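Undergrad:
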Amino acid sequence: MQHPDTRDTQLDQLRRKLADDIADVAQSLDVPPHIRAPEDLRRVWRKTSTSHSALRALIKEILRDTSDQEKLPVTRRRALRDLKSEARNIRRQLFDWASVSLIVERQHVPPETDLVQVSELIHGPRDVLDHVFALFGHSLHKIANPSEHTQSSDAEKDGLYRDIPLPMSQYSSLIGAAYRLCLAQRKTHPLRFLDVGSGGGTKVLAATTCFDVCHGLEYEAHTVETGVQLLTGLGADRCTLFHGNAFEFDEYGDYDVIYYFRPMQSNEDMIAMEARILAQARPGTILCVPGEMATPDHDAAGARNVSGHVYVTGLSADEVARLHHAARHIGTSIPGFVKTPPRESALLEPLLAACARNGYRI
Numbered sequence: 254m255q256h257p258d259t260r261d262t263q264l265d266q267l268r269r270k271l272a273d274d275i276a277d278v279a280q281s282l283d284v285p286p287h288i289r290a291p292e293d294l295r296r297v298w299r300k301t302s303t304s305h306s307a308l309r310a311l312i313k314e315i316l317r318d319t320s321d322q323e324k325l326p327v328t329r330r331r332a333l334r335d336l337k338s339e340a341r342n343i344r345r346q347l348f349d350w351a352s353v354s355l356i357v358e359r360q361h362v363p364p365e366t367d368l369v370q371v372s373e374l375i376h377g378p379r380d381v382l383d384h385v386f387a388l389f390g391h392s393l394h395k396i397a398n399p400s401e402h403t404q405s406s407d408a409e410k411d412g413l414y415r416d417i418p419l420p421m422s423q424y425s426s427l428i429g430a431a432y433r434l435c436l437a438q439r440k441t442h443p444l445r446f447l448d449v450g451s452g453g454g455t456k457v458l459a460a461t462t463c464f465d466v467c468h469g470l471e472y473e474a475h476t477v478e479t480g481v482q483l484l485t486g487l488g489a490d491r492c493t494l495f496h497g498n499a500f501e502f503d504e505y506g507d508y509d510v511i512y513y514f515r516p517m518q519s520n521e522d523m524i525a526m527e528a529r530i531l532a533q534a535r536p537g538t539i540l541c542v543p544g545e546m547a548t549p550d551h552d553a554a555g556a557r558n559v560s561g562h563v564y565v566t567g568l569s570a571d572e573v574a575r576l577h578h579a580a581r582h583i584g585t586s587i588p589g590f591v592k593t594p595p596r597e598s599a600l601l602e603p604l605l606a607a608c609a610r611n612g613y614r615i
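Sequential numbering of the sequence shown, starting at 254, is according to my numbering.
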């Protein structure tokens with residue numbers, strides 16, 4: 254076997270070559286999927302795969318060395334030991350290569366996927382797991398909203414509905430679509446979500462599967478108190494519930510995604526609430542509104558429908574059509590509530606991050 258110092262130089266050169274090639278792949282993946290040239294990604298990925306194969310071959314050769322170290326000079330013995338240690342370290346960083354390869358290759362020609370999925374939980378038969386999930390969702394809602402069948406006199410006088418539990422199957426479709434739209438917009442800041450009329454916060458909790466910061470605005474103080482206790486007990490530190498009035502709230506412009514499900518009884522109040530939201534929301538804000546918006550001409554008011562019950566604010570019809578087309582090419586993977594990233598790898602991290610920005614995760 255060659256001297257360990259020679260092998261160490263070769264190992265470092267091949268590691269650097271792979272890191273440079275991975276950076277090229279990440280740069281290619283950062284081109285929006287719907288306009289990316291497939292052959293450009295294939296070309297840089299072939300080059301990267303070749304670099305990976307060369308590095309793995311050298312690692313195997315280094316770790317297969319069976320030299321009798323007792324017969325080697327001390328300095329060479331130490332160099333060989335250090336060389337094998339570094340080879341093992343790089344091998345560990347490449348442990349997830351097969352999984353990464355799979356999601357990169359899926360993006361060579363990314364499929365178009367409907368933005369809002371129609372769940373069998375709504376229109377078709379349920380299997381056992383569906384029933385279990387529905388039971389747990391219902392139970393959690395009851396815990397967070399123990400007084401769901403009662404209402405304070407103030408809330409009743411002000412024309413508010415009691416908390417209405419939207420089935421989680423429908424809700425998950427809405428927030429999944431909103432998340433893909435945010436990725437298609439190439440937003441780089443932590444994504445912020447608001448539920449207007451949040452009740453005890455079960456939807457706020459569920460939103461943490463997609464968004465970084467999740468808030469709930471609720472009129473009933475006792476419901477906020479119960480919800481805060483539940484979220485604190487669950488360790489949901491990215492969730493915040495606060496007591497307030499939707500007609501007085503002045504921070505709608507701070508959010509990327511806003512959800513509400515008919516918090517007001519009268520259509521006039523709903524229209525007034527939507528007017529306040531639209532007056533503050535930034536262009537490109539995503540609105541998730543089960544049913545439909547109360548505002549009759551919501552296009553003229555500044556909210557255009559994207560797909561299903563998902564709307565976007567402040568964009569022209571052409572801009573909304575382009576955004577919808579771009580989002581259909583985004584993958585459907587989401588961060589999840591409990592983030593369990595692959596093992597730490599300085600080599601693969603740029604590639605994993607680029608894939609995640611396109612909705613692909615391992």
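Think of the CB as a built atom: it goes at the ideal place given N, C-alpha and C, for glycine as much as any other residue. Since the model is a prediction, treat every value here as computed from it, not as a measurement.
Assuming isoleucine 275 and isoleucine 312 make a contact with CB atoms under 8 Å, what is their CB distance in whole Å?
TA: Position 22 of the sequence shown holds residue 275. Position 59 of the sequence shown holds residue 312. At roughly 16 Å, the Cβ-Cβ gap does not stay under 8 Å, so isoleucine 275 and isoleucine 312 are not in contact.
Undergrad: Using 10 angstroms around the beta-carbon of aspartate 283, count the other beta-carbons present and answer buried if the total reaches 16, otherwise exposed.
TA: For the purposes of this step, residue 283 is taken as residue 30 along the sequence shown, with counting starting at 1. Aspartate 283 is exposed by the Cβ-count criterion.
Undergrad: Are the region 529-541 and the region 505-515 in contact at 8 Å, needing three or more beta carbon pairs?
TA: yes
Undergrad: Between Asp349, Arg309, His361, which has its C-alpha nearest valine 297's C-alpha?
TA: Residue 297 sits at position 44 when you count from the first residue of the sequence shown. The residue from Asp349, Arg309, His361 with its alpha-carbon nearest to that of valine 297 is His361.
Undergrad: Applying the 10 Å Cβ sphere with the 16-neighbour rule, what's the burial state of phenylalanine 446?
TA: Position 193 of the sequence shown, counted from the first residue, corresponds to residue 446. That one is buried.
Undergrad: Using three-state DSSP, classify isoleucine 539 as helix, strand or coil.
TA: Taking the sequence shown and counting its residues from 1, the one referred to as residue 539 is at position 286. Strand.
Undergrad: Which same chain residues, not among the five before or five after histidine 577, have their C-beta less than 7 Å away from its C-beta?
TA: Against the sequence shown, residue 577 aligns to sequence position 324. If we look at histidine 577 and ignore the five residues flanking it on each side, its Cβ neighbours are Leu368, Val559, Ser560.
Undergrad: On the three-pair Cβ rule with 8 Å, is the region 284-296 touching the region 352-366?
TA: yes
Undergrad: For alanine 437, which residues in the same chain have their Cβ closer than 7 Å to its Cβ, ignoring the five residues on either side in sequence?
TA: Stepping through the sequence shown from its first residue, residue 437 is reached at position 184. Answer for alanine 437: Leu576, Ala579, Ala580, Ile583, listed in chain order.
Undergrad: Quick one: using the 10 Å Cβ neighbour count with 16 as the cut-off for buried, is arginine 331 buried or exposed?
TA: Within the sequence shown, the letter at position 78 stands for residue 331. Result: exposed.
Undergrad: Whole angstroms are fine: how far does the CA of histidine 562 sit from the CA of isoleucine 375?
TA: By 1-based counting over the sequence shown, the position of residue 375 is 122. By 1-based counting over the sequence shown, the position of residue 562 is 309. Any reading at isoleucine 375 needs caution, since the residue's pLDDT is 46, under 50, leaving its predicted position unreliable; the model's value is listed next. Going from the Cα of isoleucine 375 to the Cα of histidine 562 covers about 15 Å.
Undergrad: If I measure Cβ to Cβ from arginine 557 and keep anything under 7 Å in the same chain, skipping five residues before and after, which residues do I get?
TA: The sequence position of residue 557 within the sequence shown is 304, counting from 1. Cβ within range, chain order: Tyr564, Val565, Leu568, Ala570, Val573.
Undergrad: Can you check which of these residues, Ala534, Leu427, Thr479, is closest to glutamate 545 by C-alpha distance?
TA: Walking along the sequence shown from the start, residue 545 turns up at place 292. Nearest of Ala534, Leu427, Thr479 to glutamate 545, Cα basis: Leu427.
Undergrad: Do you know how far the Cα of glutamine 482 is from the Cα of glutamate 602?
TA: In the sequence shown, counting from the first residue as 1, residue 602 sits at position 349. In the sequence shown, counting from the first residue as 1, residue 482 sits at position 229. Between glutamate 602 and glutamine 482, the C-alpha separation is close to 37 Å.
Undergrad: So within the region 471-511, which uninterrupted alpha helix (DSSP H) runs reach at least 4 residues, ignoring any that extend past its ends?
TA: If we require 4 residues or more, the alpha helix (DSSP H) runs fully inside the region 471-511 come out as 474-486.
Undergrad: Alpha carbon to alpha carbon, how far is threonine 366 from glutamate 473? Give it in angstroms, no decimals.
TA: Working through the sequence shown from its first residue, we reach residue 473 at position 220. Working through the sequence shown from its first residue, we reach residue 366 at position 113. Cα to Cα, the separation comes out at about 39 Å.
Undergrad: For a quick check, are the C-beta atoms of serine 304 and leucine 336 less than 9 Å apart?
TA: Taking the first residue of the sequence shown as 1, we reach residue 304 at position 51. Taking the first residue of the sequence shown as 1, we reach residue 336 at position 83. The criterion of a C-beta distance shorter than 9 Å is not satisfied by serine 304 and leucine 336.
Undergrad: Name the two residues that bound the continuous beta strand (DSSP E) containing valine 563.
TA: Here residue 563 corresponds to residue number 310 of the sequence shown, with the count starting at 1. Run containing valine 563: 563-566, per the beta strand (DSSP E) assignment.
Undergrad: From valine 353 to isoleucine 615, what distance separates their C-alpha atoms?
TA: Counted from its first residue, the sequence shown places residue 353 at position 100. Counted from its first residue, the sequence shown places residue 615 at position 362. Their backbone Cα atoms lie some 7 Å apart in a straight line.
Undergrad: For the ligand HEM, is there any heavy atom lying closer than 8 Å to the beta carbon of threonine 538?
TA: Annotation note on the ligand HEM: not contained in the displayed structure, which lists no ligands.
Undergrad: Near leucine 531, which residues of its chain fall below 7 Å by C-beta distance, leaving aside the five closest residues on each side in sequence?
TA: Reading the sequence shown from its first residue, position 278 is the one you call residue 531. Here the set comprises Ala554, Gly555, Ala556, Thr566.
Undergrad: Just mark alanine 599 as buried or exposed, buried being the case when its beta carbon has 16 or more other beta carbons within 10 Å.
TA: Walking along the sequence shown from the start, residue 599 turns up at place 346. It is exposed - the Cβ of alanine 599 has fewer than 16 other Cβ atoms within 10 Å.
Undergrad: Would you mind reading off the limits of the alpha helix (DSSP H) that contains serine 426?
TA: Looking up residue 426 in the sequence shown gives position 173. That run of the alpha helix (DSSP H) goes 421-437.
Undergrad: Could you pull the start and end residues of the beta strand (DSSP E) that aspartate 448 belongs to?
TA: By 1-based counting over the sequence shown, the position of residue 448 is 195. Counting along the chain, the beta strand (DSSP E) containing aspartate 448 begins and ends at 445-449.
Undergrad: Relative to the C-alpha of methionine 421, which candidate in Thr462, Tyr613, Cys435 has its C-alpha closest?
TA: The residue given as residue 421 occupies position 168 in the sequence shown. Measuring C-alpha to C-alpha distances from methionine 421 to each of Thr462, Tyr613, Cys435 identifies Thr462 as the nearest.
Undergrad: Considering only residues of the same chain and omitting the five flanking positions on each side of proline 443, which have a CB-CB separation below 7 Å?
TA: The residue you call residue 443 lines up with position 190 of the sequence shown. Once the five neighbours on either side are set aside, the close Cβ partners of proline 443 are Asp465, Val466.
Undergrad: Does the distance from the C-beta atom of isoleucine 524 to that of alanine 547 stay below 9 Å?
TA: Position 271 of the sequence shown holds residue 524. Position 294 of the sequence shown holds residue 547. Yes; because the gap between Cβ atoms is below 9 Å, this pair is in contact.
Undergrad: Under 9 Å between the Cβ atoms of threonine 485 and asparagine 398?
TA: As a working mapping, residue 485 is identified with position 232 in the sequence shown. As a working mapping, residue 398 is identified with position 145 in the sequence shown. Result no, Cβ atoms of threonine 485 and asparagine 398 do not sit closer than 9 Å.
Undergrad: Classify valine 278 as helix, strand or coil using the three-state DSSP reduction.
TA: The residue labelled residue 278 in the question sits at position 25 within the sequence shown. Note: valine 278 maps to helix in three-state DSSP.
Undergrad: Cutting at 6 Å between CB atoms, please list the residues of its own chain near valine 457, excluding the five before and the five after it.
TA: Reading the sequence shown from its first residue, position 204 is the one you call residue 457. These residues qualify, in order along the chain: Asp448, Ser451, Cys467, Gly469, Cys492.
Undergrad: Going straight from the alpha carbon of leucine 267 to that of alanine 279, what length do you get?
TA: One-based indexing of the sequence shown puts residue 267 at position 14. One-based indexing of the sequence shown puts residue 279 at position 26. Rounded to whole angstroms, leucine 267 to alanine 279 spans 18 Å at the Cα level.
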